[in-house]
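What follows is a set of notes on a single structure, which appears directly below.
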Amino acid sequence: MNRPVEASQPSNGPQASLPVLAAYQYCEVVTGQQARNFAYGIKLLPTAKRQAMSAIYAFARRVDDIGDGPLDDATKARRLEETRDVLRRVREGGIGEDDTDPVAVALSDASTRFPIPLGGLDELIDGVRMDVRGEEYETWDDLKVYCRCVAGSIGRLSLGVFGTVPGARGAERAPEIADTLGLALQLTNILRDLREDAGNGRTYLPSDDLAKFGCQDGFGSAAPPQGSDFDGLVRFEARRAEELFQEGLRLLPMLDRRSGACVSAMAGIYYRLLGRIAQDPSAVLRGRVSLAGREKAFVALRGLSGLHTRQVARAAAARERP
Numbered sequence: 002m003n004r005p006v007e008a009s010q011p012s013n014g015p016q017a018s019l020p021v022l023a024a025y026q027y028c029e030v031v032t033g034q035q036a037r038n039f040a041y042g043i044k045l046l047p048t049a050k051r052q053a054m055s056a057i058y059a060f061a062r063r064v065d066d067i068g069d070g071p072l073d074d075a076t077k078a079r080r081l082e083e084t085r086d087v088l089r090r091v092r093e094g095g096i097g098e099d100d101t102d103p104v105a106v107a108l109s110d111a112s113t114r115f116p117i118p119l120g121g122l123d124e125l126i127d128g129v130r131m132d133v134r135g136e137e138y139e140t141w142d143d144l145k146v147y148c149r150c151v152a153g154s155i156g157r158l159s160l161g162v163f164g165t166v167p168g169a170r171g172a173e174r175a176p177e178i179a180d181t182l183g184l185a186l187q188l189t190n191i192l193r194d195l196r197e198d199a200g201n202g203r204t205y206l207p208s209d210d211l212a213k214f215g216c217q218d219g220f221g222s223a224a225p226p227q228g229s230d231f232d233g234l235v236r237f238e239a240r241r242a243e244e245l246f247q248e249g250l251r252l253l254p255m256l257d258r259r260s261g262a263c264v265s266a267m268a269g270i271y272y273r274l275l276g277r278i279a280q281d282p283s284a285v286l287r288g289r290v291s292l293a294g295r296e297k298a299f300v301a302l303r304g305l306s307g308l309h310t311r312q313v314a315r316a317a318a319a320r321e322r323p
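Residue numbering for the sequence shown follows the numbering used here, beginning at 2 and increasing consecutively.
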């Protein structure tokens with residue numbers, strides 16, 4: 002006989018009510034539909050952590066959608082501040098389980114179960130405000146400020162859910178390392194979306210770097226700017242991202258097995274994308290570079306096996322030997 006499927010309960014803290022479980026389910030649907038790379042990773046988490054990560058993603062997705070949407074800049078700015086007000090209510094415990102905003106309900110519950118640094122979502126809003134203002138970045142140090150807001154913050158928020166294993170070596174630096182991994186992911190995103198962002202009037206790469214490689218005229222077509230060293234530019238930025246990955250992946254041995262598998266899967270997908278971009282830089286002008294579903298699944302399984310974590314731990318130990 003078929004039995005009704007019961008909603009899974011978060012394991013951290015008391016059982017959630019049906020309205021809260023429904024809110025989490027809504028966030029998981031949003032995550033599954035709109036963040037395929039992210040979803041591959043969080044599927045590997047236990048229920049409570051997966052639900053909390055979905056709540057964080059759904060809130061972040063709302064912020065990003067405001068910034069990327071068709072509204073005029075003044076309306077976007079107002080909507081972002083309204084979203085910040087929702088976050089303030091979450092932080093102050095002002096969201097009841099009967100609230101009509103399921104994302105706020107889920108995030109509020111998650112923040113009582115895990116030490117999530119909600120200020121990271123304020124930083125995300127700040128970063129999207131930078132997009133709305135159309136800010137450009139002269140140097141890598143300038144761009145890092147933006148990347149820390151929109152991606153480093155997500156690394157630190159995620160670490161609040163994951164936690165670190167007791168006695169993990171270097172765990173006091175875990176927030177900084179998670180932030181660095183976020184920078185690696187964001188710079189990979191910027192390279193992947195170079196043509197799409199140009200079509201929307203945005204150029205994120207530092208103007209100093211663009212000038213150095215003769216790309217200051219932008220990326221308005223499927224062909225590199227005439228007379229430029231476009232391949233050199235992309236490979237230069239890819240090496241920068243590679244260095245950030247090498248530092249950021251040092252987070253893996255600090256996490257429990259399933260949290261490490263989640264991070265390994267998400268970071269591994271972007272790391273492979275970065276390698277593909279570095280091999281064929283002009284591909285980012287022809288269309289979006291992506292991985293096939295079976296390749297993403299392989300990366301996820303590799304993370305679950307712990308192989309990636311062990312490799313990172315051995316590499317870190319080798320670097321620290323005299």
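C-beta atoms are modelled at their ideal positions from N, C-alpha and C, and glycine is treated no differently. These figures come from a predicted structure and were not determined experimentally.
Residue of the options minimising C-alpha distance to residue i
i      : options                        : result
TRP141 : ARG62, LEU192, PRO207, GLY120  : PRO207
TYR58  : GLN35, ASP180, ASP209, ILE270  : GLN35
ALA199 : ALA223, GLU244, ARG236         : ALA223
ARG277 : GLY95, ASN190, VAL264, THR48   : ASN190
TYR27  : GLY120, GLN52, GLU139          : GLN52
GLU296 : ALA78, VAL64, ARG62, ASN38     : ASN38
VAL21  : ILE43, LEU72, GLY97            : GLY97
VAL300 : SER283, ALA279, TYR272, ARG289 : TYR272
VAL290 : PRO71, ARG196, GLU238          : ARG196
GLY70  : GLY121, LEU245, ASN201         : ASN201
LEU81  : ASP132, VAL106, THR48, ALA49   : ASP132
VAL106 : GLY33, GLU93, ALA24, ASP281    : ALA24
ASP180 : LEU245, ARG240, PRO282, ASP123 : LEU245
ARG283 : GLN247, ARG303, LEU234         : Just to set this straight, residue 283 is Ser in the shown sequence, not Arg. The residue with the shortest Cα to Cα distance from SER283 is LEU234.
ARG89  : ILE270, PRO47, ASP123          : ASP123
Alpha-carbon to alpha-carbon, residue j and residue i
i      : j      : result
VAL31  : GLY215 : 41 Å
VAL129 : GLY261 : 28 Å
ASP86  : ASP209 : 37 Å
PRO326 : LYS213 : What is shown of the chain runs 2 to 323, which leaves residue 326 out entirely.
ALA56  : ASP230 : 42 Å
GLU7   : ALA17  : Any reading at GLU7 must be qualified, since the residue scores a pLDDT of 33, below 50, and its modelled position is unreliable; the value itself is stated next. For GLU7 and ALA17, the distance between alpha carbons rounds to 13 Å.
PHE60  : ALA111 : 12 Å
ASN3   : ASP73  : Reliability fails at ASN3, whose pLDDT of 35 lies under 50, so the model's placement of it is uncertain and the value that follows must be treated cautiously. For ASN3 and ASP73, the distance between alpha carbons rounds to 51 Å.
LEU286 : LEU144 : 21 Å
GLN187 : LEU19  : 36 Å
ALA317 : VAL146 : Confidence in ALA317 is poor, its pLDDT being 49 and thus under 50, which makes the residue's placement unreliable; the coordinate value appears in the next sentence. Answer to the nearest angstrom: the Cα atoms are 27 Å apart.
PRO15  : ARG114 : 9 Å
GLY95  : ALA169 : 35 Å
ASP99  : ILE67  : 25 Å
THR108 : VAL91  : In the sequence under discussion, the amino acid at residue 108 is Leu, which differs from the Thr named in the question. Taking the straight line from one Cα to the other gives about 7 Å.
SER159 : LEU125 : 13 Å
GLY171 : VAL264 : 17 Å
GLY221 : GLU93  : 46 Å
GLU29  : GLU238 : 33 Å
GLN247 : THR101 : 43 Å
ASP281 : LEU211 : 18 Å
ARG174 : ARG303 : 25 Å
LEU134 : ALA75  : Sequence inspection shows Arg at residue 134; the Leu mentioned does not correspond to that position. In a straight line, the C-alpha of ARG134 is about 10 Å away from that of ALA75.
THR165 : LYS50  : 13 Å
GLU54  : ILE43  : Per the sequence presented here, residue 54 reads as Met, with Glu not at that position. Cα to Cα, MET54 sits roughly 7 Å from ILE43.
ARG240 : PRO176 : 23 Å
GLU83  : ASP65  : 14 Å
GLY288 : ILE270 : 18 Å
ARG79  : THR48  : 35 Å
Proximity of residue i and residue j at Cβ, strictly below 8 Å
i      : j      : result
THR161 : ILE117 : Thr is not the amino acid found at residue 161; the sequence shown has Gly there. Cβ atoms of GLY161 and ILE117: closer than 8 Å.
LEU253 : PHE163 : no
LEU45  : ARG193 : no
GLY249 : ILE178 : yes
LEU184 : ALA268 : no
LEU275 : ALA242 : yes
CYS148 : ASP127 : no
ARG236 : ALA279 : yes
PRO226 : ASP218 : yes
VAL104 : ARG63  : yes
GLY329 : ILE155 : Nothing can be reported for residue 329, as the shown portion of the chain is limited to 2 through 323.
TYR41  : ALA293 : no
THR204 : GLU137 : yes
Proximity test, residue i beta-carbon vs the ligand GTP heavy atom, cut-off 7 Å
i      : result
SER109 : Judged by which ligands are present, the structure shown has none, so any question about the ligand GTP falls away.
Item to check | Those runs of the alpha helix (DSSP H) which lie wholly inside the region 32-73 and span at least 4 residues | outcome: Taking only runs of at least 4 residues, the alpha helix (DSSP H) segments lying wholly in the region 32-73 are 37-43, 48-69.
Checklist entry - Residue ranges of each alpha helix (DSSP H) run of no fewer than 4 residues wholly in the region 67-122, ordered along the chain? => result 74-92, 103-114
Checklist entry - Along the chain, which unbroken stretches of the beta strand (DSSP E) at least 3 residues long are found entirely within the region 244-290? => result none
Checklist entry - Residue ranges of each beta strand (DSSP E) run of no fewer than 3 residues wholly in the region 203-245, ordered along the chain? => result none
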